[in-house]
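Numbering (my numbering), first residue to last: 42 to 171. A virtual CB, placed ideally from N, CA and C, is assigned to each residue, including glycine.
This is the structure we're talking about:
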């Protein structure tokens, strides 16, 4: 439980910081960000630990991959359009990618270093599980 707790708190905090640096070009750590990371991280760790064996590991990996996709999509969207991706726009994602395919590829290319940083928790979790 302790490894899961530390990992998920780190993952949420790290992903949020990478996104903030990418979007605002500054490192802005607040007490609310730390509290958010602890609450969400501990909640995910609790669920992951409550699921025994392989189910817990699968859940942990799925949440980590979802976190990467969520922050990565927001990062690229913010880079292209200069605004944040709202929940209602996720359903229009395929249309946006089709309409702005070239811009999406350019946005991914220009955001590659931040996307690479967002992959670090995925790699760490794979190492933990091996």
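ask   = Would residue 128 be called buried (16 or more neighbouring beta carbons within 10 Å of its own) or exposed?
value = exposed
query = Could you check where the alpha helix (DSSP H) with residue 57 kicks off and where it finishes?
reply = 43 to 65
query = Between the C-alpha atoms of residue 62 and residue 68, what's the straight-line distance to the nearest angstrom?
reply = 6 Å
query = With residue 108 and residue 56 assumed to form a contact (beta carbons below 8 Å), what rounded beta-carbon distance in angstroms separates them?
reply = 6 Å
ask   = With contact counted as at least three CB pairs below 8 Å, one residue from each stretch, are the region 108 to 126 and the region 71 to 84 in contact?
value = no
Rounded C-alpha distance that separates residue 59 from residue 159 = 7 Å
ask   = Under 8 Å, do residue 76 and residue 89 count as touching if we go by C-beta distance?
value = No, the Cβ-Cβ distance between residue 76 and residue 89 is not below 8 Å.
key: Under the three-state DSSP convention, the category residue 92 falls into   = coil
request  = Label residue 113 either buried or exposed according to how many other C-beta atoms from any shown protein chain fall within 10 Å of its C-beta, with 16 as the threshold for buried.
outcome  = buried
message = Please classify residue 110 as buried or exposed, where buried requires at least 16 other C-beta atoms within 10 Å of its C-beta.
response = exposed
inquiry  = For residue 118, tell me which candidate among 97, 54, 144 and 103 has the shortest Cα-Cα distance.
reply    = 144
query = What do you get for residue 96, buried or exposed, if any count of 16 or more other CB atoms within 10 angstroms of its CB means buried?
reply = Taking a 10 Å sphere around the C-beta of residue 96, we find fewer than 16 other C-beta atoms and assign the residue as exposed.
ask   = Between which two residues does the alpha helix (DSSP H) containing residue 148 stretch?
value = 142 to 151
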